[in-house]
Each structure stands twice: as structure tokens, then as C-alpha cells.
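In what follows, a single structure is set out as C-alpha cells and then discussed.
Numbering (the UniProt record's numbering), first residue to last: 1 to 326.
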């Protein structure tokens, strides 16, 4: 019996890869066994032995012998899927910022973690450019793109440093997910978070965005302030509350470990509690105000805080029945 061994094993493997790449370049699907159906029923192919190297989805499908190996990605264009398949064969891909979201969505669907990581790293680089930052934060906060929380946080932090330079037209381009991520980001410090609140008010001036007010406010997160920071925070929220249109909710509800405070334009609602910060409007003016929905800001905190200086805080009523979110 003879045992023959290739002199250069690496060259032997490279030859196999080169042969498969050449088939891909020629679009020769005669030996491909994985079929991907795209938008408009266009079809592309790849070899399963290539797919299993990079794609968790294809790896699972092959392991479970889910024949025929057919993947439906009907919401995505052939151009995007074909480019991602090419990357599996060549390791190269070209993507514009505007197309980035679509590529990340396909990569997420196929579970191609290596390419996902590469795309996220490049997204951070794009975010350094002021003319790309809005597109980048919209992509990073899109759940379908599945961008890591760390990269989301970095991009949100970067956005917070330049948001005051944006025009009103630019502000309105942000998605609801981007606004919520900015308000919820733990990477943005207390002072910066107040700037984000002001920025959000500009975004909410668009009547098309007002229905999202409840969802936006519930996303608000800020690290537990010290006692001497809490009152200025509440006072600032009160001023912002007074600037909202009459059609908006009239009270903001903040939770501290099941202890509650209210910032309300109608002080009579909670007059029994000394924790109410009311507006300066008279009772007659209040009577003229239309009935508004109550909205809450859920404030998530990471450590207990001293609330002893807030009198009767435990006597506040339950607001569960007052919270209405459309």
C-alpha cells in the first residue's frame, strides 16, 4: 500500500479554493447546492462547503440535513445578497453608507458574524464623518441590523457631541429607534442627557412624531443623580414640560425604586403630596387646559439613592391607571 502526500498542503487547499472562486466568478452553479431566493424571485447559488464556514444559518441547515438547501430572503435585493456571497469566496466587499443597513440585515439573517463585525467596525469609521452620522445612527439603532450594544453606544456618544450643529431638517431625519437609543444610552453623561432631551423636543415638534411621545419618554435613562443634582433635574424637566404643546401629556412620572415623583402642569391633581412641582399657571388657566394623557418617564437606576429629603414620597398615589400610551 502506498501513502501519497501533497508536498505543499497549503497549496493543495488553495487550489481547491481557487477552483471554487473561479466557478463563482463565472456564475457556474452546476456544482452549487445552496439556493437563495431574493426579491422578485431572483435566485443566487453557493456551495454549502463555503457557506458553512461563514454562515451559522447555513451551517445549521446542513447539519440538520434540511434538504433541499433553499433560503428565502424575499425582502432583499439580489445585488446585496450576491455581493455577500461573493465575499464568502473572495473576502472582499464594497458597500456604500446608504446601502449599509440592507447589508447588515442580510448578514444578520444568515448569521455571518465575521462580516457583521467587519461592517460594524467600518460603521464606526463612517460615523466620524459629519455628513454620515445621521445615516449611521439610524442604521446602528435599527433592530433588524442587530448592531452590538457597544457599537450603538459609541455612535450615540459621538452623535451627542455634534447634535447641536444639526439643522431642523437634519433632526427630522432621525428614526424613532435612534431617538429612543439616545435617551436610553448609558454612555451619555448627565449633562449630555439633558441636551438630548432638548434635542428630542425639537424632533417631537414634527406632528408626525407626536404619536411616539409615550414611547420616547419611557426610554429616558440617566445615572442616579446625587441629592444636589436631583432638584435641578426635576426643575429642568418641569420647564421642558411647560414648553410642550397643549395636546401633549401634562405630567411626567419618574420612578426611583418604586418611589415616585411627579412633574405636572396641573398641581391640583397631586396637591396632597409635597413631591409635586407645579407650573405657575393659575387655577383658572388650568381649567381651560384640555384634558391630556398622562405619560411616564421610566428612570432606570443602578444603585440606591438617598431620598430622605423628599417628604411624604411614599404617600404618592399609584399612577398605573393614569398612564395611557397610544
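The beta-carbon is built from N, C-alpha and C at its ideal position, and this holds for glycine as well.
For residue 86, the enclosing alpha helix (DSSP H) stretches over residues 78-90. Sorting 161, 125, 131 and 129 by C-alpha distance to the C-alpha of residue 151 places 125 at the top. Assignment of residue 71 by DSSP, reduced to helix, strand and coil, places it in the strand class. In the DSSP assignment, residue 43 falls within the beta strand (DSSP E) that extends over 43-46. Between the stretch 85-93 and the stretch 60-76, the count of C-beta pairs closer than 8 Å stays below three; the two stretches do not touch. Contact check for residue 69 against residue 39 fails: the beta carbons are separated by 8 Å or more. One Cα belongs to residue 65, the other to residue 139, and the distance between them is close to 34 Å. Ranking 222, 67, 103 and 99 by CA distance to the CA of residue 81 puts 103 first. If you ignore the 5 residues before and after residue 181, its C-beta comes within less than 7 Å of the C-beta of 141, 152 and 156, all in its own chain and listed in chain order.
DSSP, read as helix, strand or coil, puts residue 102 in helix. Listed in chain order, the non-local C-beta contacts of residue 219 below 7 Å within the same chain comprise 180, 183 and 184, local neighbours out to five positions each way being set aside.
One thing to note: residue 145 has its Cβ within 8 Å of the Cβ of residue 105. The alpha carbon of residue 49 has as its nearest neighbour, out of 57, 43 and 42, the alpha carbon of 57. Burial state of residue 127 is buried, judged by a 10 Å Cβ sphere holding 16 or more other Cβ atoms. Counting other Cβ atoms within 10 Å of its Cβ, residue 55 reaches 16 or more and is therefore classed as buried. Within the DSSP bridge table, the entry for residue 34 names 46 and 69 as partners. Separation of residue 119 and residue 79 (C-alpha to C-alpha, rounded to the nearest whole angstrom) is 17 Å. Going by DSSP, residue 24 is part of the alpha helix (DSSP H) stretching over 9-25. The distance from the Cβ of residue 44 to that of residue 36 is about 5 Å, consistent with a contact at the 8 Å cut-off. Of the residues 51, 31, 172 and 33, the one whose Cα lies closest to the Cα of residue 112 is 51.
The beta carbons of residue 12 and residue 31 sit no closer together than 8 Å. Apart from sequence neighbours up to five positions away, the residues of its chain that approach residue 29 with a beta-carbon distance below 7 Å are 45, ordered along the chain.
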